[in-house]
Structures are given as C-alpha cells and as structure tokens.
Amino acid sequence: MGLGSGRYRGALEMPCSGRRTRHRQAMKFNPLSPDATMYHIFRESAGRHTNLICQRFRDEKGDLQSITYHEFYEELSGIAAGLLALNLEKGDRAALIADVGPRWLRICGALNSVGMVDVPRGTDATAEDLKYILDHSEAKAVFLQNRTAYEKLKDSLQDLSGLKYIFFFEKESNLDIPAEVAALSLEELQEKGRQHLDGNPGAVDKEGAGVVPQDLATIIYTSGTTGTPKGVMLNHSNLAWEARTILHILAEQGTPYTSDDRSLGFLPPWHIGERMWETVLYHCGSSIAFTSITSLSRDMQEVRPTVLFSVPRVWEAMYNKILETVRQASPGRQKVFFFFRKVALSFRFHWDRMRGKTYHTRAVPGILVLLERLFSLVIVLLTWPVFLLSRLAFKKIKGVLGGEIRYAVSGAGALPEHIDRLFAAIGIPIFEVYGMTETSAVSVARLGRDFVIGTVGKPVAGIQVKLLDSQGNEVKKPGVKGVCYHKGPHIMQGYYKDEEKTRAALKDGWLDSGDLLIWTREGLLKFAGRAKDTIVLMGGENIEPEPLEFALSQSPLIHQVMVVGQDKKFLGALIVPDHTGLENQLKAMNLQGAIDPDYYNLNEDIVKLYRREVRSRVASDTGFKSFERIGVFYLLPEPFEPGVELTQTLKVRRNIVTEKYEHEIQNMYRQMGGKI
C-alpha cells in the first residue's frame, strides 16, 4: 500500500524526499516546532523517511529482519486505532512490561499518539514491583511481552480492579484470566484498529491533534537504590524539548546523527537514556538493531554500528573482555599489547593536555597550565610514531566492535577515566552525558568540542545547573563538592501521587538530584558520587563510596564491590571475585585453581591475594586519604543480580545488599578475617 493512498494517508501526507536530500536535511538539523508532541515526532519522521530501514531484529531462526519507517508507523497507527476502538481515552494509563526489542517504541508511540500515558517496566521486575506499579498508576491496560511476565502478574489480577485489558505481544492460550479482563494479542488489537479506521478515517490524527505539550506522556517508575519505586511524570513537552535540544547540540558540535547512521539497542525500554536515544535516532531517519548483552559481540560484527549508547557497566564489560582476550594470548603478544596500551594512554593524555582538553580540580596559575601544555607538546612529538603503530595494533580491537563506530555515548553513571581514555586512544570517543529520569535524560553533556576525558562537560543550552554545599551555599570554587540542582524545560512534573517526595525534590523549579559534582578550573562538571550514599565513620569522616568502588573494580580479580562502614571505625568492602581472573592468578602463582566460592574466605592464599590487591588499589599513592582505606573485606560467593541487589541500570541497591549480608558484615568487623 502506498503512503498516498488508503487508511494511513492522513497520517503521512508529508512528502518524502530523496536519500541525498534527507541526508542534507539531517546534517543541517531540522528542528521540530516548540508546540510539538510525541505524536508529531512519530508522524512527521515516518513521512520524511518512509522507505528507509527503521528497525532491525532477529526472527525465531536468528536471522536479521527489518522494517521500514512506513511499516513502523502502520503498526503504530493500527495499535493506536485499536485502543480507540476499545474506548480507551486520553489520559488513561497503560503499562508496558517488556525488555529491549522493536515493539516497545511502536507501542509507546501508539499510546502517546492518542493521548494515553505509557508506564514502562522490564520483565525482570519482581511480581511485587509489577503489582505495585500497575495498582499505583491505575493502569487500565497492560502490554505483556511474554508468558513469563504474565506469570508474575496472574496472582495479582483479582486485586487490580481498574485493569480492563491485557495485550500480549504474541497469541497466548490456556491462561486463567478473570472474566472482567479482556485478553488480546497485538495482531488482534491491530485488526480491531484497521476495522475502526475503515469506519473512522483519520481517527488517530484527530486524537493526536488534540494532544498538547502539557499532557502527560509517561510515568517511569524508578527502582532506585532504596525504598519504594517512584513514578516520574514526564509530559510531551519534556520529551519533545529534550529530543529537539539533543539534536541541536549534536549539530552545533559537528557530530549530528544522519539517516546513514546505524545503532544497536540493548537497554530496557523504561531506561530514559535508551528511550531518548531511540527517539532522536527515529527523528533523524537512522536505523537501530536490537540485541542483548550476550549477543552484543556477534551483532557488533554483523550490524557494524556507527553510533552507540550504553551505560558505564557495559563499557567496563567491553574493556574487561578485551583484557581477558589478551591474557589468553601468548606472553609475547601480551607484552606487545600492554606496551602499546601504555603508549596510547600516555599519548592520548598529552595530546589532550597539549590542546587544552584536560581539567584541573583546583585553581592553577595560567603560566603553569602553559608549561604543562608545552611539555605535552614535546611528548606528543616524541611519541607520535609509536602511537601510530599502536593504532595499527588496536585496529583489530576496533574491528571487534564493528569497525565503523564514529562515536559512542555513555550515561547513567560515571565512566572510569582509564576506560574512557583507552577507547578514545583506539579511535572510539565516548561522549559522556549526565542526567536522570527526572530530567528527561540529559542536563549536562561532554560532546565533540567539549570533549574532556574525566568530566561530564557543560550544562546543555537552555538548562541551568548549580551546586550547593551542605549549608545551602552555592559552590563555584573548583574541586569543592556540592549537590547538583537542575532547572529547565526538561524537569519532571513530579512524582505520581506523591506530593511529599515531589516537594522534597522540587523547590522553586530546581530539582535536587542527590548527586555530588564538582566544578573544574575550566568550567566543566565532574561527577563525585551520591550525596545519599555518603558513609559517615564513627570519627565523623564523610566518605563517598563510589570512587573507592571504581578503583577496586578496575582489578582483574574483582567483578563487583560495595563499600560499607556506616558508623564504623573504618571502611569495609563486600567483594564479588572475578572467578576467571582469580583462577588465572592462582595458576600463575602455582596455587590450586578450582576452589569452591563458599570457601574463599577460609583460604589463606586467596585472602592474602585480595588483601594485597585492595591495598594497592586504595592507597595514598593512588589518591586516597588515610581514612578512605579499606580496613576489612569479605568475599561473596554469588554475584549481585539485576532486580535483586542491582537496579535495572546495574547500580547497587545498597540497602538491599546491606540487609541481605548483614550477618557477613557484622562478622567481617567482629572477626577481622579479611583485615587489611
């Protein structure tokens, strides 16, 4: 069916120009109207990029399939019309319980196009959380990716009196569903939509035209590291403004997305960073292929992405995978790699400093900065030939990641500098952004011209940021920590049905992020931890655990770690060993390799090994104060898992871990078994 005919004509009247013209339009940056809603973004982008590939995904056989922008919008419109046929109305909430994949954006687009509110969550959420979210949001409908999600909800259906519809991604049978709840597959919902449009042409456009920027678009429940999930309310204006602003700053920095770009999607649909990433790509006519963490390496090779978005833990995993592969090579190849890595990291640092692209966390005389830059110029000139050889050596590594990445983006946490610098050295700059669900994704960005490794950059145009100390005074001096407050058109409308928490977070339009940042001498921002995670020792010392955890997690022997010590004399650490790294180290020391993890803490050789490792990573010569040193540790037999000890963005839920391992923590301090 052509775009100019049939039931979808009204939705897609905008002519679609040739590919070359589209490319020029994307390069020039085509802003949306300030009055635009998510309906306009979906409608107009589909019209401009009709025959381009929109999404790619694997079928049941594992083969890559694709759909065009036209096909994407046809399904979106069918779902939207189906919702209207079932008398669902503007403002009604619909939960979306799904993982990464091609359908969730179509469903969100359909809901937003008729003024409904999407409430996304992953299938790995607990049954308790899902019941709470559907009940608290008063969802009238829920979209379920699979039977697994349904099994978590089925015992709660009788208690969800407002729920009227369950929409399964695929046809399901033999389900014990209450009579008052109707169950349909997506295909059945779309068929109802097609029938509805036959009798009501333009129904979706009519509803979409009635949606205004101030209307609520989504309620995203943040699991957080403590407490009950909070429903972050974002309206159409929040999301559309953020998308429009990201497009603008990318174009200004000389790094725009275009219709030639390809990306991979592997983060959950409720992750605000992933949602905004896909929205911006969609507006530009780019394509995205969906994968999983386990299939990431394979799909990197096949899709060959040109741009990529992920979280720090994934970049760390990629970095560690590279090192793990190298350690399996011959001793000679290992020496070559680590030599060139040292050269590349040194060269990259001096290259950046020579160009004034490094930072200082204290006031430094201008003459000293000039001397630093001149010294770095000499180092660059001396090491340039060897660095070129290192680029050749790293070419295979870049090839493992597809070989065509122009740049990547990292968000939802601080990126360790050694990882940041290595990827930059091999030719993959990682643009770091800082924000949160409550800010519709991005408030601060470190992009092309402001690319300074170790910082998160500058506040985005149109957004205000300030740092306040514990007395409420604004911090402007470099190197002094302060809680970051955000203000701008991207700030949430509040927490759904929670005035108390809304008032605590929002004051005079300023959002209290709970994040600690510092200003650099150069006017850039640097992440410094979480104010709420601050550990206060018995002596009154205030310590941010994240820098310590970052330092420890760089060890090949440590997979995960959480620092503890509230009201104790000194800090302790719960360490999840990297079993592969540990076995390799034990073999290298001619010690027993295979040991039951439950007995790690009883093995003197292993305890000594970790004691030495912790001492070397957290010490005065690595930049830590005496009271920040780890006094005791305990080796955990099992890793932290998403949805349990970790949030869905892989941040440690400190209260859960502390509660789960309360006995181990008490014994650790009492017995001093892992004493440093």
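This note's numbering applies: residue 103 is where the sequence shown begins, and numbers increase by one.
For glycine and all other residues, C-beta sits at the position ideal for the given N, C-alpha and C.
Check: Which stretch, first to last residue, makes up the alpha helix (DSSP H) that contains Val221?; Outcome: Unbroken run through Val221 is the beta strand (DSSP E), Val219 to Arg223; no alpha helix (DSSP H).
Check: If you follow the alpha helix (DSSP H) that Asp571 is in, where does it begin and where does it stop?; Outcome: Per DSSP, Asp571 belongs to no alpha helix (DSSP H) and is neither H nor E.
Check: Throw me the rounded Cβ distance for the Tyr598 and Ser239 pair, which I believe falls under 8 Å.; Outcome: 7 Å
Check: Do Gly295 and Gly180 have their C-beta atoms closer together than 8 Å?; Outcome: yes
Check: So who's on the other strand from Cys586, going by DSSP bridges?; Outcome: Leu569
Check: Measuring only the C-alpha atoms, how far is Lys689 from Gln430?; Outcome: 13 Å
Check: For a test of the three-state rule: what should DSSP assign to Arg772, helix, strand or coil?; Outcome: helix
Check: Please determine, among Ser397, Phe449, Tyr461 and Phe477, the residue with the shortest C-alpha to C-alpha distance to Pro487.; Outcome: Phe449
Check: Could you compute how far the alpha carbon of Arg772 sits from the alpha carbon of Lys670?; Outcome: 11 Å
Check: Cβ atoms of Thr622 and Tyr461: under 8 Å apart, would you say?; Outcome: yes
Check: I'd like the list of long-range same chain contacts for Glu576, defined as Cβ closer than 8 Å, with 5 residues on each side in sequence excluded.; Outcome: Lys568, Leu569, Leu570 and Gly584
Check: Going by C-alpha distance, which of Ala281, Leu627, Val546 and Val665 is nearest Arg464?; Outcome: Leu627
Check: What separation, rounded to the nearest whole angstrom, lies between the Cα atoms of Val405 and Glu474?; Outcome: 42 Å
Check: Can you have a look at Phe269 and say buried or exposed, based on whether 16 or more other CB atoms are within 10 angstroms of its CB?; Outcome: buried
Check: According to DSSP, is Ser263 helix, strand or coil?; Outcome: coil
Check: Can you tell me whether Pro414 is helix, strand or coil according to DSSP?; Outcome: helix
Check: Could you tell me which residues DSSP puts in a beta bridge with Ile169?; Outcome: Gln157
Check: Under three-state DSSP, which class holds Pro649?; Outcome: helix
Check: Any idea if Val466 is buried or exposed, counting beta-carbon neighbours within 10 angstroms, 16 or more meaning buried?; Outcome: exposed
Check: Measuring CB to CB, does Tyr359 end up less than 8 Å from Val334?; Outcome: no
Check: Is the region 389 to 401 in contact with the region 151 to 163, if contact means three or more CB pairs nearer than 8 Å?; Outcome: yes
Check: If you run the structure through DSSP and keep just helix, strand and coil, what is Val546?; Outcome: strand
Check: Enumerated in chain order, which unbroken segments of the beta strand (DSSP E) with a length of 3 residues or greater are wholly contained in the region 319 to 394?; Outcome: 332 to 337, 364 to 367 and 389 to 392
Check: Sorted by chain position, which residues of the same chain lie with C-beta nearer than 8 Å to Ile499's C-beta, five sequence neighbours on each side aside?; Outcome: Ile424 and Ile528
Check: Pick from Phe533, Val445, Gly375 and Val283: whose alpha carbon is nearest that of Leu779?; Outcome: Outside the displayed span of the chain (103 to 778) sits residue 779, for which this structure offers no information.
Check: So Glu648 and Gly631 are supposed to be a Cβ contact under 8 Å. How far apart are they, rounded?; Outcome: 4 Å
Check: Going straight from the alpha carbon of Leu262 to that of Lys233, what length do you get?; Outcome: 8 Å
Check: Can you give me the C-alpha to C-alpha distance between Arg756 and Glu747, rounded to a whole angstrom?; Outcome: 8 Å
Check: So, at 7 Å on beta carbons, what are the nonlocal neighbours of Ala227 in its own chain, with the 5 sequence-adjacent residues on each side left out?; Outcome: Gly745
Check: In terms of alpha-carbon separation, which member of Asp635, Ser718, Pro739 and Leu619 lies closest to His661?; Outcome: Pro739
Check: Which whole-angstrom value is the C-beta distance of Gly193 and His298, which I expect to be below 8 Å?; Outcome: Contact flag wrong, Cβ pair sits at about 19 Å.
Check: Give me the Cα-Cα distance between Ser655 and Val663, rounded to the nearest whole angstrom.; Outcome: 7 Å
Check: Tell me the DSSP secondary structure of Glu506 in three-state form.; Outcome: coil
Check: Whether or not the region 331 to 348 and the region 165 to 179 are in contact is what I'm after, with contact meaning three or more pairs of Cβ atoms, one per stretch, closer than 8 Å; do they touch?; Outcome: no
Check: Quick check on Ile374: buried or exposed, where buried means 16 or more other Cβ atoms within 10 Å of its Cβ?; Outcome: buried
Check: Rounded to whole angstroms, what is the Cα-Cα separation between Ala305 and Ala212?; Outcome: 12 Å
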